[in-house]
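**Q** Protein chains in written order, with the working numbering: chain A, 22 to 129; chain B, 638 to 1156.
By construction, the Cβ of each residue, glycine as well, lies at the ideal position given by its N, Cα and C atoms.
My questions all concern the structure below.
Now the structure itself:
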């Protein structure tokens, strides 16, 4: 009898990941929680950087508003990411917001 | 959008998890922060050099000895000399200059005082514990993150309250509901206080050291140091040309009176001397606006500069001439430090601080109640560790003022001895919490030890300084008297609490088998 060597199917892995990301949750898991905390801090920094790039005036007038707003931004993004149906939504929100802010910082 | 029931669940769960993560750190910050509201008075109480009866409103006259003092201490050079006037924050007259140790003078006798570094050990140590700076590099940012966590808890808690209000709820007479009610009442009542202190705490702890991305973005990717970019705008120091020709100066009190006449709204707290005794001498009087204390705080002092020879006005820096960010920064610092406020405001804020500490404790007790009905060692062990942190900090911090007075002031490395004893004593309580089976005994002993240490601190303060509480009262040394009284009242409250804990049925609920009996 010849045993065929088992090969992991790329499709299976992808569908597993897809299922994991799209699965609606009723409780907050470790991944959701960690993504929310890290994502909220990253988005608050990205948003603050965009704000500093967009504001007019001297350096103090451009830097300090972002510094004052940073703690509030972290909380707002925290709630926004927390209330996501599934992990895919959390990831998409982070990626899209980072892209938007990266465009602002790069082109302003 | 997620369903409302899931939203409530997410909010509730995140409130619990973030709460447990930041509770202990923020409790320590709140506890020591509440103590540091009394820092100016504690500074006087702990320092033998500051043990004298000050004049009314700390008035002084240094006209006769200012020039000789500056000459004797080599302060008549090109560098500006900063003078800090005696005040409730520090009753001593202070002179400081760049790259030179500060000099302290008795405001009445004008004697130079040898103020040892360790004299302000207690207030410095408590302040460092409050900011987290005792853990180098990571301490302050971690406290900043904890403040952000509390901001999240405050906003999330209010949201939870709004969500829960819509549901029909029948309160049951259980301890869980009692803690929930207290947590809710204190939490809702403290929303403005928590928001202000969490926002400013996060700014001071985290943003002052981690604002590089904003600086980099604002400077078109050229510079990432916020201080380098901002200091030349916000903290410009005036430069005055020097002259070698000697000239007679107007009396210092005369100059001060002229400055006050020219700028009546300025509450003068100090002065800077430029080229004193020379022809181009300038004296800059700085202080805060009596009608706008918040915007003219420590980072945005207003000033009036006079010519030292004839008293003419050289420059006036009024509130409307200051940078808008300096005013905002000053208001931000003001709500956190209340630098120019005296006892009344400080007592009110300390009461709010104590209420916030209670709110955090009641939040923990809510979780403890939940764990009480679950099997396993986690609930019991976490209760014991929590007692060591939340209540064990009281006797450990009470040990510090006691050691300040019982140990000799000239003891080599006194600071290390005191700080080391604090940590060792705190660790002792952690071991004792695990060793002793009865939780009631642990709490009662912690509270009684704190009470005894405070009484002993007051006693040794009297014995070594010669200012016993009744003598301070008779002489009118009100700062010393009120600090002694505060310590004694706190000792009495702690002693009564210990008696109450021994009798209260509530604490027996948390007594389980103890770790040495197995689970």
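Can you find a CB in chain B that lies within less than 8 Å of the CB of residue 69 of chain A?
**A** It does: the Cβ of residue 69 of chain A has a partner Cβ on chain B nearer than 8 Å.
**Q** Of all the CB atoms in chain A, is at least one closer than 8 Å to the CB of residue 867 of chain B?
**A** Yes, its Cβ sits closer than 8 Å to a Cβ of chain A.
**Q** Under 8 Å, do residue 1158 of chain B and residue 688 of chain B count as touching if we go by C-beta distance?
**A** Outside the shown range of chain B (638 to 1156) lies residue 1158 of chain B, about which nothing can therefore be said.
**Q** State the start and end residues of the unbroken beta strand (DSSP E) segment that holds residue 924 of chain B.
**A** Where residue 924 of chain B is concerned, the enclosing beta strand (DSSP E) stretches over 919-926.
**Q** With a threshold of 8 Å between beta-carbons, can residue 651 of chain B be considered close to chain A, or not?
**A** Yes - at least one Cβ of chain A is within 8 Å of the one on residue 651 of chain B.
**Q** Would residue 971 of chain B be called buried (16 or more neighbouring beta carbons within 10 Å of its own) or exposed?
**A** Answer is buried; the Cβ neighbour count reaches 16.
**Q** To the nearest angstrom, how far is it from the Cα of residue 758 of chain B to the Cα of residue 878 of chain B?
**A** If you take the alpha carbons of residue 758 of chain B and residue 878 of chain B, they lie about 40 Å apart.
**Q** Using a C-beta to C-beta distance shorter than 9 Å, which residues of chain B count as neighbours of residue 118 of chain A?
**A** What residue 118 of chain A touches in chain B: nothing, since even the nearest Cβ is about 15 Å away.
**Q** Excluding five sequence neighbours on each side, which residues of the same chain lie with their C-beta closer than 6 Å to the C-beta of residue 1061 of chain B?
**A** The answer is none, since no qualifying residue turns up.
**Q** Give the interface partners of residue 99 of chain A over in chain B, defined as CB-CB distance under 7 Å, in chain order.
**A** Correct list: 789.
**Q** Using a C-beta cutoff of 8 Å, does residue 840 of chain B count as contacting chain A?
**A** So, interface residue.
**Q** Could you tell me which uninterrupted beta strand (DSSP E) segments, each at least 3 residues in length, are contained entirely in the stretch 986-1010 of chain B, listed from first to last along the chain?
**A** Runs of the beta strand (DSSP E) inside the stretch 986-1010 of chain B: none found.
**Q** Within this structure, are the beta carbons of residue 945 of chain B and residue 887 of chain B separated by less than 8 Å?
**A** Result yes, Cβ atoms of residue 945 of chain B and residue 887 of chain B sit closer than 8 Å.
**Q** When the Cα atoms are used, what is the spatial distance from residue 1024 of chain B to residue 79 of chain A?
**A** Approximately 50 Å, taken between the alpha carbons.
**Q** Have a look at residue 1121 of chain B and residue 988 of chain B and give me their C-alpha separation to the nearest angstrom.
**A** For residue 1121 of chain B and residue 988 of chain B, the distance between alpha carbons rounds to 19 Å.
**Q** If residue 1083 of chain B and residue 1066 of chain B are in contact, beta carbons under 8 Å, what's the gap, nearest whole angstrom?
**A** About 6 Å; that satisfies the 8 Å criterion.
**Q** May I ask which residues mark the beginning and end of the beta strand (DSSP E) holding residue 907 of chain B?
**A** Note, residue 907 of chain B: beta strand (DSSP E), 903-911.
**Q** Identify whether residue 834 of chain B lies in helix, strand or coil by the three-state DSSP scheme.
**A** In this structure, residue 834 of chain B counts as helix in the three-state DSSP scheme.
**Q** Using a Cβ-based criterion (distance less than 7 Å to any ligand heavy atom), does residue 786 of chain B qualify as near the ligand COA?
**A** As for the ligand COA, it is missing from this structure, which has no ligand bound.
**Q** Excluding the 5 residues flanking residue 975 of chain B on each side, which residues of the same chain have their C-beta closer than 8 Å to its C-beta?
**A** So the qualifying residues of the chain are 674, 982, 983, 986.
**Q** Note the first and the last residue of the continuous alpha helix (DSSP H) segment covering residue 1096 of chain B.
**A** It spans 1076-1102 - the alpha helix (DSSP H) in which residue 1096 of chain B sits, taken as one unbroken run.
**Q** Residues in the same chain with beta-carbon distance under 6 Å from residue 999 of chain B, minus the five sequence neighbours each way, listed in chain order, please.
**A** These residues qualify, in order along the chain: 816, 819, 820.
**Q** In its own chain, which residues sit with a C-beta less than 7 Å from the C-beta of residue 700 of chain B, not counting the 5 before and 5 after it?
**A** So the list reads 888, 889, 890, once near-sequence residues are dropped.
**Q** Is there contact here, the stretch 1122-1135 of chain B with the stretch 1084-1091 of chain B, by at least three beta-carbon pairs under 8 Å?
**A** Because the criterion of three Cβ pairs below 8 Å is met, the stretch 1122-1135 of chain B and the stretch 1084-1091 of chain B touch.
**Q** By the three-class DSSP mapping on this structure, what secondary structure does residue 721 of chain B have?
**A** Strand at residue 721 of chain B.
**Q** For a contact defined as C-beta to C-beta under 7 Å, what are the partners of residue 83 of chain A on chain B?
**A** Within chain B, the residues near residue 83 of chain A are 855.
**Q** Determine the direct distance from the alpha carbon of residue 37 of chain A to that of residue 839 of chain B, and round the result to whole angstroms.
**A** Near 40 Å, if we compare the C-alpha coordinates of residue 37 of chain A and residue 839 of chain B.
**Q** Kindly indicate which residue of B/1028, B/915, B/779 has the alpha-carbon position closest to the one of residue 844 of chain B.
**A** For residue 844 of chain B, the nearest C-alpha among the options comes from B/779.
**Q** Please tell me whether residue 739 of chain B and residue 712 of chain B are closer than 8 Å, where the distance is taken between their beta carbons.
**A** No, they are not a contact pair.
**Q** Starting from residue 954 of chain B, trace the beta strand (DSSP E) both ways and give me its first and last residue.
**A** Its beta strand (DSSP E) spans residues 950-954.
**Q** Could you check the C-alpha separation between residue 112 of chain A and residue 775 of chain B for me, to the nearest Å?
**A** Computed Cα separation, rounded: 29 Å.
**Q** Taking buried to mean at least 16 other C-beta atoms within 10 Å of its own C-beta, is residue 1068 of chain B buried or exposed?
**A** So residue 1068 of chain B counts as exposed.
**Q** Which residues bound the alpha helix (DSSP H) around residue 707 of chain B?
**A** Its alpha helix (DSSP H) spans residues 703-709.
**Q** Around the C-beta of residue 48 of chain A, are 16 or more other C-beta atoms found within 10 angstroms, so that it is buried, or is it exposed?
**A** By the 10 Å Cβ count, residue 48 of chain A comes out exposed.
**Q** What would DSSP say about residue 116 of chain A, mapped onto helix, strand or coil?
**A** Helix at residue 116 of chain A.
**Q** Kindly identify the DSSP beta-bridge partner or partners of residue 942 of chain B.
**A** In the DSSP output, where bridge partners are listed per residue, residue 942 of chain B has B/921, B/952.
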